[in-house]
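All remarks here apply to the structure that follows.
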Amino acid sequence: MSVTVSDFIVSRMHQWGVERLYGYSGDGINGVMSALRRANGSPRLIQPRHEEVAAFLACSHAKFSDEVGVCVATSGPGAVHLLNGLYDAKKDHMPTVAIVGQQARMSIGTDYQQELDLMSLFKDVASDYVQQVTTPSQARHVIDQAMRIAISRRTVTCVILPNDIQDLPMEDPPMEHGAVFSGMGYRFPRVVPEAADLDAAAEIINQGKRVAILAGAGVKHAVDELLQVAELTGAGIAKAILAKTMIADDLPRVTGSIGLLGTEASDKLMKECDTLLLVGTRFPYVEFLPEPGQARAIQIDVVPEALGVRYPTEVNLHGDAAPTLSALAQRLKSKRNRKWRKQVQGWIDEWWEVTEARAATRAAPINPQHVFQSLSPRLPDDVMLACDVGSATNWYARHLKIRQGMLGSVSGGLASMGNGVPYLIGAKFCHPERPAIAMVGDGAMQMLGNNALITLAKYWREWQDPRCIVLVLNNHDLSQVTWEQRVMEGDPKFDASQELPEFRYDQYAELLGFKGLRMEHEDDVDRVWDDALASERPVVINAYTDPDIAPLPPHIEFEQAKSYLASIVKGDSSGIHSAKLSAKQMGRSLFKRKK
Numbered sequence: 001m002s003v004t005v006s007d008f009i010v011s012r013m014h015q016w017g018v019e020r021l022y023g024y025s026g027d028g029i030n031g032v033m034s035a036l037r038r039a040n041g042s043p044r045l046i047q048p049r050h051e052e053v054a055a056f057l058a059c060s061h062a063k064f065s066d067e068v069g070v071c072v073a074t075s076g077p078g079a080v081h082l083l084n085g086l087y088d089a090k091k092d093h094m095p096t097v098a099i100v101g102q103q104a105r106m107s108i109g110t111d112y113q114q115e116l117d118l119m120s121l122f123k124d125v126a127s128d129y130v131q132q133v134t135t136p137s138q139a140r141h142v143i144d145q146a147m148r149i150a151i152s153r154r155t156v157t158c159v160i161l162p163n164d165i166q167d168l169p170m171e172d173p174p175m176e177h178g179a180v181f182s183g184m185g186y187r188f189p190r191v192v193p194e195a196a197d198l199d200a201a202a203e204i205i206n207q208g209k210r211v212a213i214l215a216g217a218g219v220k221h222a223v224d225e226l227l228q229v230a231e232l233t234g235a236g237i238a239k240a241i242l243a244k245t246m247i248a249d250d251l252p253r254v255t256g257s258i259g260l261l262g263t264e265a266s267d268k269l270m271k272e273c274d275t276l277l278l279v280g281t282r283f284p285y286v287e288f289l290p291e292p293g294q295a296r297a298i299q300i301d302v303v304p305e306a307l308g309v310r311y312p313t314e315v316n317l318h319g320d321a322a323p324t325l326s327a328l329a330q331r332l333k334s335k336r337n338r339k340w341r342k343q344v345q346g347w348i349d350e351w352w353e354v355t356e357a358r359a360a361t362r363a364a365p366i367n368p369q370h371v372f373q374s375l376s377p378r379l380p381d382d383v384m385l386a387c388d389v390g391s392a393t394n395w396y397a398r399h400l401k402i403r404q405g406m407l408g409s410v411s412g413g414l415a416s417m418g419n420g421v422p423y424l425i426g427a428k429f430c431h432p433e434r435p436a437i438a439m440v441g442d443g444a445m446q447m448l449g450n451n452a453l454i455t456l457a458k459y460w461r462e463w464q465d466p467r468c469i470v471l472v473l474n475n476h477d478l479s480q481v482t483w484e485q486r487v488m489e490g491d492p493k494f495d496a497s498q499e500l501p502e503f504r505y506d507q508y509a510e511l512l513g514f515k516g517l518r519m520e521h522e523d524d525v526d527r528v529w530d531d532a533l534a535s536e537r538p539v540v541i542n543a544y545t546d547p548d549i550a551p552l553p554p555h556i557e558f559e560q561a562k563s564y565l566a567s568i569v570k571g572d573s574s575g576i577h578s579a580k581l582s583a584k585q586m587g588r589s590l591f592k593r594k595k
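In our numbering, the protein residues as written are 1 to 595.
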């Protein structure tokens, strides 16, 4: 049998280093599926239960492996289902390639069944490169372009394959005018700013007395260099949520997360600093940054359009974080004044006391902060963490004390519910020898997580370390949105939109061959974590938590407090209970600090 276009595409992706694709079949992509069968696992197809999960898996693969993630889907509905996971990859700048089927070329434009204008559909999410293969000799350069652009620009690209072309014999481009012969391979260059710009940045930092660093996902491979700069300057280090696991919390002057999900220590760091160094971050919330004019700012980013878009920086350093920080460190003077260092560390020590005090607040039935506070010291050294979007993100950001060597991620830029369990599965495919924990709210679990558990059931037995724990915060409420309705809109809880039905996640887990555990009382928490971490098969923890534990922001604005009180006055169904719990949390925090 001659080599088909699909055979060539599958082989070419493998030559690009792709070992695994995530996808679901359908007649619009049958040619590629046949080629994957003939490829005999090189690369291997991983089959989730839904194309959205496939795209989340591809994004997770990129996050946890530093490789390009690839997902495959059929035409029409399969293509549409990919979009949310692909947007997650795009917003978090993860290199991802989508291979999508289409109807036969001769029928395009006739409103054929499952025919969609896929070029238009994917034009935004794959804005850097989306292309349809219309002739066999085009396949070579389309695949090469899609792979190279996805990797080099850290973005999403898309290749559309009409079903009739997938089984045609592969043809090389002819040796004639107008033909293109593409090649493979890409290696990132070492980008370092001009010496004059480094000198200017160093001068500003050397003049500063109270230096703060805000680190984003761009510091992933530059942590040692970042810590060198922090040690020279005595800077405190705040972390955007995607950098949560990149810098250990037990290092000096690491203040933790920043923003609405952040710590009081990070908030104070931003309020008191006179110099700000932003590294590899596009943190969007200006209210949690220094007042313009308060701090002189420098930014480092390898993407030029990211420079100067969030804060009025004086010097923008276009370069890779590691060599740029290293070059900057050579120009910095070691600051001998220990007052700022001591002050920052004092805020951090105080904050960890606050988290402990808040977790001790009694709730009905369980305080979710206690669940995370109990997990933190039990985290395995090599754990991988996948956090979904919702109130769980608050407790992940604040209560887990990260140690060096841990990995983790959330849906950062898109902040999409449903990423947690797919991220866990993708992480396990990348590192089957490491344990993994997903932290998911019941809203996200009912939306997509329960579906993704079936994929986990299909594959977990092949992994070296079978430990996969899915923590479900079962509070029968879309609690993050409930709090946003109260604080942002001044509206009471809208039960029709917020209440969720009961689901026995632990019993469902047993049906899938997992171990199901339940937290119903505060006394269950420690025991259940110990049982889960000792299990030799995946575990789903059904944790009944109180939805009225407020995710208190680092600082409470007058308008927020006013709106919250207004929501209670308007007849919030759990307003009095939530108000009492909020008061208890704040009271415990203040008492702990005074001690």
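Beta carbons: idealized from backbone N, C-alpha and C, even for Gly. Here the structure is a predicted model, which means the values were calculated and not measured.
Between the Cα of residue i and the Cα atoms of the options, which residue gives the shortest distance?
i	options	result
S34	H14, R49, S6 and H431	S6
S497	G513, Q480, V219 and V410	Q480
A322	P189, Q207 and G234	P189
N419	R403, I437, D388 and S535	D388
Q166	A217, D92, G101 and V219	G101
P553	G69, V229 and T263	T263
A58	R38, L118, V18 and D27	V18
L82	T313, A55 and T281	A55
C250	E67, Y87, Q507 and D381	The amino acid occupying residue 250 in the given sequence is Asp; Cys does not appear at that position. Selected option, being the one with the closest Cα: D381.
G513	E462, A457 and D524	A457
N337	G31, Q207 and F288	Q207
V32	V10, G390 and V303	V10
D486	A550, H431 and D506	The sequence given here has Arg at residue 486, not Asp. Per the Cα distances, A550.
So for residue i, helix, strand or coil by DSSP?
i	result
R190	coil
I247	coil
G185	coil
A561	With a pLDDT of 48 at A561, under the threshold of 50, the modelled position of that residue is not reliable, and the figure given next carries that caveat. Looking at A561 - three-state DSSP - the assignment turns out to be helix.
H318	strand
L552	coil
D523	coil
I348	helix
P136	helix
S42	coil
Q446	helix
P368	helix
K493	coil
R20	strand
Q15	helix
S6	helix
Using a 10 Å radius around the Cβ and a threshold of 16 neighbouring Cβ atoms, would you call residue i buried or exposed?
i	result
F181	exposed
N163	buried
P77	exposed
E489	exposed
T110	exposed
G408	buried
P492	buried
E520	exposed
G346	exposed
Between residue i and residue j, is the Cβ-Cβ spacing less than 8 angstroms?
i	j	result
Y24	A73	yes
I205	T255	no
I258	L214	yes
N316	Q299	yes
S120	D172	no
L471	M447	no
V539	I425	no
T545	N474	yes
E350	Q373	no
I46	F429	yes
R20	R44	yes
A427	A415	no
V159	I143	yes
K333	G234	no
D92	L226	no
K220	M246	yes
L325	V229	yes
L278	A248	no
Residue ranges of each alpha helix (DSSP H) run of no fewer than 4 residues wholly in the stretch 139-164, ordered along the chain?
Within the stretch 139-164, the complete alpha helix (DSSP H) runs of at least 4 residues fall at 139-153.
Mind listing, in chain order, the continuous alpha helix (DSSP H) runs of no fewer than 4 residues lying wholly within the stretch 269-333?
Listed in chain order, they are 321-329.
Which parts of the stretch 31-79 are runs of the beta strand (DSSP E), unbroken and 3 residues or longer, counting only runs that do not cross its ends?
If we require 3 residues or more, the beta strand (DSSP E) runs fully inside the stretch 31-79 come out as 44-46 and 69-73.
Hey, which unbroken runs of the alpha helix (DSSP H) at 4 residues or more fall wholly within the stretch 364-412?
368-375 and 391-399, all fully within the stretch 364-412.
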